[in-house]
Structure formats: structure tokens, C-alpha cells
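Chains as they are written, first to last, in the numbering used here: chain A, 1 to 249; chain B, 250 to 658.
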């Protein structure tokens, strides 16, 4: 596993990131000067108990939020000073989100859910191209034949696969997964981790946020947070390879 | 396809998808606009139908038409309406001779009587008139001849029947040339008037008999004064002038000074028309405002549902924003939903409004009139309501923060 390159060549470069929330009169320093570099092709697990600042970090890496101070460069673009619309463009083009509760649009077919990011893309695509790419993505996550299913007709694991397909459709630089297995049992969790490992092996940078050490074992590098600071950052020594689902093609 | 169009097409696709996904909610949202637009169209149709039928009835009387009624007289210091008229045959003759703006004049005397023809009888009114009468009332004969000067001068016992009387007394249609008895006086039927229909007041104008005014005054009533004088101005724009001329002449003949109350009244068709127009306008305004209010309520209904929908779909908005939707995408989506709902609702409302005004015409027997104007206006108004009431909820949706929206349960 490539070690994090020093000297500003990482895909994700966070330097001295501070994030302060003001709740009434109380200031909460969710991130207290965090510097972290993640190189292209890494598989990083960001760990820590709730309140440690890992979700705040995810929001900043995912360009959902801006740091109070510090500099954040993603894929060569300084994202710390971007406005709402520019951040939306970065999210669409460079970041694929996978959420704990899947966050698929209800009453919408798997295929339409996967096509959705392309509708908001600055790179315009024809309806046929969207259709074909979405079909290809669903096949890659083992859901060929379920294109017409709605989220309510799919199991949790299947819904998360649709979410991964949706995250990958714009070919983003980073796959950012927030507790991707939090709502799944251990067997299905391992299947999801297998898909993420596959994607990582094909060169995709994967960042997962988790509080489960078991899940972090599937990553290549573990970064632990506590009270808004990094307390440890090291390669995973006894990395596990997830078992593939037997039936998956 | 150009790039701009593809962007618009994407937003339209997203908006239409969400309408299709919530069919019941979409239908209920539309309902307010459907009812509002249908209401406007039906009410406008009824109101303009009513006013155009009133106008048609007034026009049927003849637009140049003037009536001179006997008025109040002052006797021993008390103003009363004397039972006997103070208009004379000579007054009518003077109007004919001395008023240049008056084209036709007819003295008139009314009576009512039981009319008998063979076995059949009919109770109706008898109007004694002069030879000018058909021109004043713009009323032609359907068969036979009208009165002649000789008939009037010699007080001949001749009559013209209105269509209703002719049908009642001569079901076989052979009225012309027959003899009828009015108060036991035999009259020869000269002709039958064409059908005129109901008047503005709802009376059957065809339930009448026309005879020379001399005959009615002398042989039926035994009066020497005329009931009223009918006149027609030479053209519609000379009605006011004719009215002034008659007023001046009769004041002079009746020896009434300029400041004094006249003992007669002159009514023009114009005055009656403006009264009727004012009342039908009141009706239009009343019906129109009820309809406009219902359309407004429909618009508020759209805003209400859209606001609820924005709250209910906060998470959806968060998801869309997380995967790259910008504020304007979300704004356009919700605005488009509101506009599509109100436009489709407006179209359904037009169909419903047109259909219901046809039903009103058929089953209530009311006259309805529907032009393209009110239909287009109602439709345009519905679309504007969609934009207006859709904008606020859409802006609220667009202003959401993706992190908060995603966290929303």
C-alpha cells in the first residue's frame, strides 16, 4: 500500500483544518487543526467514537461543508474557498457518496437512482448514454436484472449496492462512504466491503468513516480521531480480504 | 440538440418524474386549480350569456324607440296621476308634423278583452296603434297585411293577431280573412305578426292583438285620449335630439314652463338599455369575483401542498444536493412541478368549465356565451398562480443546507 506522499501530491490534502460550530453561546471545536494527506488509490478508514470529529471531517472532504480555517485541496482543486454552487460541482464530478441509510430516492427505480447524478452533471450526456452507463454500473455491483426494482423492493444490502453504483456513475476521484455497513448485518457488510475492496483494487480511492474496528480491518490505512484531533494514523497490519458473495457474478 | 436544451430537458425530466411518483398528491393539488378555472369559465359564460340575451331583447324593441307616457298632473295643488290621460291624438299628429328628428309616430291605446273565434276563445290585450307601428317596433308580419290609413281614419273593425293569439284561436293556421269577436264586436283578421318571443320583463310579446287606435278608443274603450305615444327617431344617434324635440313641443302644447314638472314622461330605449346593462354588469362582477376567489384559493392550495411537499421531501432534496444538484436545479424542479400542476389543472378546468356551461345551457335553459378571451385569461391566470405560489416553496427548497437536509428524519 502506497504510503501517504509527503509534499502536496496527495489526492486529498487537508492542512491545519479547524471547524468550529457555534451552538448558542457555546463554541464547539469539532476539528482542531487537522492535517491529513490521502494519496490516489488508497483505502483509508477514518475511525473514532461519536463526537470525535470524523463526521465533520467527512463533510469537509465531501465538500458538503467548509472549514472555519485551514486549507483543503481535492484532486488539485482548492476547495476551502468555494461557494455553494462550486462545491455542488465538485461533489458531482469528484466525489461519490455512500451513506449509512443508503439515501436512495423512494418510489424511484434502481436504474433511475443510479442515473440521477448524470442529470446534474456539467458534462451533458444523452438519455441513452445515461441508461447504458447505469446498466453497466448496476451489473458491476451484482444487480443485473434488478434495474426496475424500487428501493422498497430491495434488501438493505441490495440498496447499498445501488447506492455504490450511483456513487460511481460519474467516475469520481474519491468514493466517500459514511458508515456504509452501519445498517447491515455482518454477512452483508462483508459483501459490501468486498465491493469496495474491488473498486479500490481497480484504482479507486476509497475513504470510509466507521466506528467499527472490524470494518476498518478491510481498509489499507486506519486514521483514528478523538476530540477533533488525529490520535493515530498507520497502515492496517493484518488487513482482511472480504469474502465475495458466492452468487455474485 | 443544443446544450441549453438538454439542461432544460434534464430539469423537466426530474420535475415530471416527481409528479408521476406522487400521483395522488399531484391530483389533489391540481383539484383546486381545476375547480377554480372551471368556475371562472362557467360563471363568465353564464354572466355574458345573460347580458347578451338582455341586449338582444332590447335590440329587438328597436334601438330608435321612444315612448311618451302620460304623467302626473297638478290639480288644486296636489300632484296626482290622473286616471285619464293628458295625451291627445293631436299631440301625436303634432309630433309627426313638427319634430324633424322623429321618423315615425303612433298613438297607442291599450285594452284587454276576451276574444272569440268560432268555438275557441282567448283572453288577451288589444293594442290600438297607427300605421307607423311596425317600423317603430321593427316588427313584421308573417302573413296577411297591416293596417292602412283608411282603416285608421275610418276606425275599421280590423285586427292583426300576435302569434300566440293566432295559434290559440286558429290551430289550423287559417287566421287571415277570418272573423273574430272582441267584446261582441266582429273584427276581420288582416294578418298575423311574426314571432317575437319573451320581453325583457318576461312577458310573452306575441300574446297580443293589434287594431287601429281609433277603433280601440271609440269602439272598445269609449275614450278620447290616447294611452301613450310611440315614436322612433330617424337614426340611433338622433334619439336624444328627438327626445328633446318632443319634450319642447309637448311642453308648449300643454303650456308648461321650462322649470315646471311636465305632465308626461319620455323614455328612450337607451335608458332602458343602460338600466339592463347595469344590472347585468353587476351580475358579471359578482359571479366573476366569486370565481376569482375560488381560483385564488386553488393557488393557495398549491402553495400549501408544495410547502408540505418541500418539508416532506427535505431528505430527497439533501440527497439530490449531495450528488451535485445546485440550488437552481432544486428551485427549477419545484417551480416546474408547481407550474405543470397548475397548467395541467388549468387545461382540465377549461374542459370542465366548457362542459358545465354547456350543461347549464341545456338543462337550466340559460343562455351562455363563451369566447376565447375568458378561456385564455383563466388559463394564463392559472399558470401565473402556479409560478407565484410555487416560487416561495421552491426557494425554500433551494435554500436548504445539504448537511441539514440529509440529517432530516
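Don't be surprised by glycine CBs; every beta carbon is placed ideally from N, CA and C. Predicted model only: the values in this text are computed from it and were never measured.
Return the chain-ordered list of same chain residues with a C-beta closer than 7 Å to the C-beta of residue 357 (chain B), the five sequence neighbours on each side being excluded.
Along the second chain, one-based indexing puts residue 357 (chain B) at 108. Taken in chain order, the residues that qualify are 376, 377, 378, 462, 475, 476, 477, 478 and 479.
Residue 211 (chain A) by DSSP, collapsed to three states: which one? Translated into positions along the first chain, residue 211 (chain A) becomes position 211. Residue state, collapsed to three classes: coil.
| request: Would you give the residue range spanned by the beta strand (DSSP E) that residue 13 (chain A) belongs to? | output: Looking up residue 13 (chain A) in the first chain gives position 13. Start and end: 12-23.
Any heavy atom of the ligand ADP inside 7 Å of the beta-carbon of residue 642 (chain B)? No copy of the ligand ADP appears in this structure; indeed no ligand is present at all.
**Prompt:** So which residues on chain B does residue 68 (chain A) lean against when the C-beta distance must stay under 9 Å?
**Reply:** For the purposes of this step, residue 68 (chain A) is taken as the residue at position 68 of the first chain. For residue 68 (chain A), none of the residues of chain B pass the 9 Å Cβ criterion, the least Cβ distance being about 15 Å.
Inset, instruction - Would you check if the distance between the CB atom of residue 69 (chain A) and the CB atom of residue 225 (chain A) is smaller than 8 Å? - result: Here residue 69 (chain A) corresponds to residue number 69 of the first chain, with the count starting at 1. Here residue 225 (chain A) corresponds to residue number 225 of the first chain, with the count starting at 1. Cβ atoms of residue 69 (chain A) and residue 225 (chain A): not closer than 8 Å.
Taking all protein chains shown into account, do 16 or more other C-beta atoms lie within 10 angstroms of the C-beta of residue 7 (chain A), making it buried, or fewer, making it exposed?
-> Walking along the first chain from the start, residue 7 (chain A) turns up at place 7. With a pLDDT of only 44 at residue 7 (chain A), under the threshold of 50, the placement of this residue in the model should not be trusted; the figure read from the coordinates follows. Under a 10 Å Cβ-count criterion, residue 7 (chain A) is classified as exposed, with fewer than 16 other Cβ atoms of the shown protein chains found around its own Cβ.
Exercise for the section: At 7 Å on the CB atoms, spell out the chain B contacts of residue 59 (chain A), in chain order. Expected result: Working through the first chain from its first residue, we reach residue 59 (chain A) at position 59. In chain order: 652.
Over the uninterrupted alpha helix (DSSP H) stretch that includes residue 203 (chain A), give me the two end residues. As a working note, residue 203 (chain A) is residue 203 in the first chain. First-last for residue 203 (chain A): undefined, no H or E at that position.
**Prompt:** Which two residues bound the contiguous beta strand (DSSP E) that contains residue 45 (chain A)?
**Reply:** In the first chain, residue 45 (chain A) corresponds to position 45, counting from 1. That run of the beta strand (DSSP E) goes 43-47.
**Message:** Quick check on the burial criterion: 16 or more other C-beta atoms within 10 angstroms. Buried or exposed for residue 578 (chain B)?
**Reply:** As a working mapping, residue 578 (chain B) is identified with position 329 in the second chain. That one is buried.
Taking C-alpha atoms, which residue in A:122, A:37, A:13 and A:213 lies nearest to residue 179 (chain A)?
By one-based count along the first chain, residue 179 (chain A) stands at place 179. Nearest C-alpha to residue 179 (chain A): A:213.
(Q) Going by DSSP, what residue range makes up the beta strand (DSSP E) through residue 393 (chain B)? (A) Here residue 393 (chain B) refers to the residue found at position 144 of the second chain. Note, residue 393 (chain B): beta strand (DSSP E), 390-393.
Among B:388, B:582 and B:438, nearest to residue 365 (chain B) - alpha-carbon criterion: Mapped onto the second chain, residue 365 (chain B) falls at position 116. Restricting attention to B:388, B:582 and B:438, the CA atom closest to the CA of residue 365 (chain B) is found in B:438.
Taking just the CA atoms, how far does residue 222 (chain A) sit from residue 197 (chain A)? Sequence index remark: in the first chain, residue 197 (chain A) carries index 197 (1-based). Sequence index remark: in the first chain, residue 222 (chain A) carries index 222 (1-based). So the two alpha carbons sit approximately 15 Å from each other.
Tell me the DSSP secondary structure of residue 141 (chain A) in three-state form. Within the first chain, residue 141 (chain A) is the residue found at index 141, counting from 1. Looking at residue 141 (chain A) - three-state DSSP - the assignment turns out to be coil, as it is neither helix nor strand.
Who are the near neighbours of residue 352 (chain B) in its chain, counting only those whose CB is closer than 6 Å to its CB and skipping five residues on each side? Within the second chain, the letter at position 103 stands for residue 352 (chain B). If we look at residue 352 (chain B) and ignore the five residues flanking it on each side, its Cβ neighbours are 481 and 483.
### Query
Looking only at its own chain, which residues have a Cβ that is under 7 Å from the Cβ of residue 697 (chain B), when we skip the five neighbours before and after it?
Outside the shown range of chain B (250 to 658) lies residue 697 (chain B), about which nothing can therefore be said.
**Request:** Give the residues from the region 267-278 of chain B that approach chain A closer than 8 Å (Cβ to any Cβ), ordered along the chain.
**Result:** Those would be 270 and 271, in chain order.
*Start-to-end residues for the alpha helix (DSSP H) that takes in residue 382 (chain B)*: Counting from 1 along the second chain, the entry for residue 382 (chain B) is found at position 133. 382-385 is the extent of the alpha helix (DSSP H) around residue 382 (chain B).
Does DSSP put residue 349 (chain B) in a helix, in a strand, or in coil? As a working mapping, residue 349 (chain B) is identified with position 100 in the second chain. Residue state, collapsed to three classes: coil.
Output the distance between the C-alpha atoms of residue 411 (chain B) and residue 319 (chain B), rounded to the nearest integer angstrom. In the second chain, the residue the question calls residue 411 (chain B) occupies position 162. In the second chain, the residue the question calls residue 319 (chain B) occupies position 70. The alpha-carbon of residue 411 (chain B) is positioned some 26 Å away from that of residue 319 (chain B).
When B:501, B:656, B:642 and B:608 are compared against residue 576 (chain B), the one with the closest alpha-carbon:
Translated into positions along the second chain, residue 576 (chain B) becomes position 327. It is B:642 whose Cα lies nearest to the Cα of residue 576 (chain B).
To the nearest angstrom, how far is the alpha carbon of residue 78 (chain A) from that of residue 60 (chain A)?
By 1-based counting over the first chain, the position of residue 78 (chain A) is 78. By 1-based counting over the first chain, the position of residue 60 (chain A) is 60. For residue 78 (chain A) and residue 60 (chain A), the distance between alpha carbons rounds to 12 Å.
Would you tell me roughly how many angstroms separate the C-alpha atoms of residue 3 (chain A) and residue 558 (chain B), rounded to the nearest one?
Counting from one through the first chain, the residue named residue 3 (chain A) turns up at place 3. Counting from one through the second chain, the residue named residue 558 (chain B) turns up at place 309. Bear in mind that a pLDDT of 41 at residue 3 (chain A), under 50, signals an unreliable position, so the number given afterwards is only what the model happens to contain. In a straight line, the C-alpha of residue 3 (chain A) is about 48 Å away from that of residue 558 (chain B).
Any idea if residue 257 (chain B) is buried or exposed, counting beta-carbon neighbours within 10 angstroms, 16 or more meaning buried?
-> Your numbering for residue 257 (chain B) matches position 8 in the second chain. Around the Cβ of residue 257 (chain B), a 10 Å sphere holds fewer than 16 other Cβ atoms; the residue is exposed.
Apply the 10 Å Cβ neighbour rule to residue 600 (chain B) and answer buried if 16 or more other Cβ atoms are within range, or exposed otherwise. Position 351 of the second chain holds residue 600 (chain B). Classification for residue 600 (chain B): exposed.
Closer than 9 Å between beta carbons: that is the criterion. Which residues of the region 567-589 of chain B meet it against chain A? Those residues of the region 567-589 of chain B that come within reach of chain A (Cβ to Cβ, closer than 9 Å) are 567, 568, 569, 570, 571, 572, 573, 574, 575, 576, 577 and 578.
| query | What residues from chain A crowd round residue 565 (chain B), counting only those whose CB sits closer than 7 Å? | reply | As a first step, residue 565 (chain B) is located in the second chain; it is residue number 316 there, counting from the start. Chain A residues near residue 565 (chain B): 105.
- request: Report the residue from B:580, B:278 and B:613 whose alpha carbon sits nearest the alpha carbon of residue 720 (chain B).
  value: An answer regarding residue 720 (chain B) cannot be provided, because it is not within the stretch 250 to 658 covered by chain B.
field: Local Cβ density within 10 Å of residue 247 (chain A), reported as buried at 16 or more and exposed below that
entry: Position 247 of the first chain, counted from the start, is the residue given in the question as residue 247 (chain A). Residue confidence is low: residue 247 (chain A) scores 47 on pLDDT, short of 50, so the model does not pin down where it sits. Its coordinate-derived value is still stated next. Its Cβ having fewer than 16 others within 10 Å, residue 247 (chain A) is exposed.
Run through chain A and tell me which residues come within less than 9 Å of residue 265 (chain B), C-beta to C-beta.
Numbered from its first residue, the second chain carries residue 265 (chain B) at position 16. Near residue 265 (chain B) there are no residues of chain A at all, since even the closest Cβ is about 12 Å away, more than 9 Å.
Straight-line Cα distance separating residue 344 (chain B) from residue 518 (chain B): Indexing the second chain from 1 puts residue 518 (chain B) at position 269. Indexing the second chain from 1 puts residue 344 (chain B) at position 95. Straight-line Cα distance between these residues: approximately 18 Å.
Given that a residue counts as buried once 16 or more other Cβ atoms are within 10 Å of its Cβ, and exposed if not, what is residue 168 (chain A)?
In the first chain, the residue the question calls residue 168 (chain A) occupies position 168. It is buried - the Cβ of residue 168 (chain A) has at least 16 other Cβ atoms within 10 Å.
Exercise. When the cut-off is 8 Å and only beta carbons count, does residue 25 (chain A) lie next to chain B?
Worked result: Position 25 of the first chain, counting from 1, holds the residue named residue 25 (chain A). For residue 25 (chain A), the answer is no, since every Cβ of chain B falls outside 8 Å of its Cβ.
Legend entry - Length at least 3, wholly inside the region 484-571 of chain B: the beta strand (DSSP E) runs in chain order: Uninterrupted beta strand (DSSP E) stretches at least 3 residues long and entirely within the region 484-571 of chain B occur at 513-517, given in chain order.
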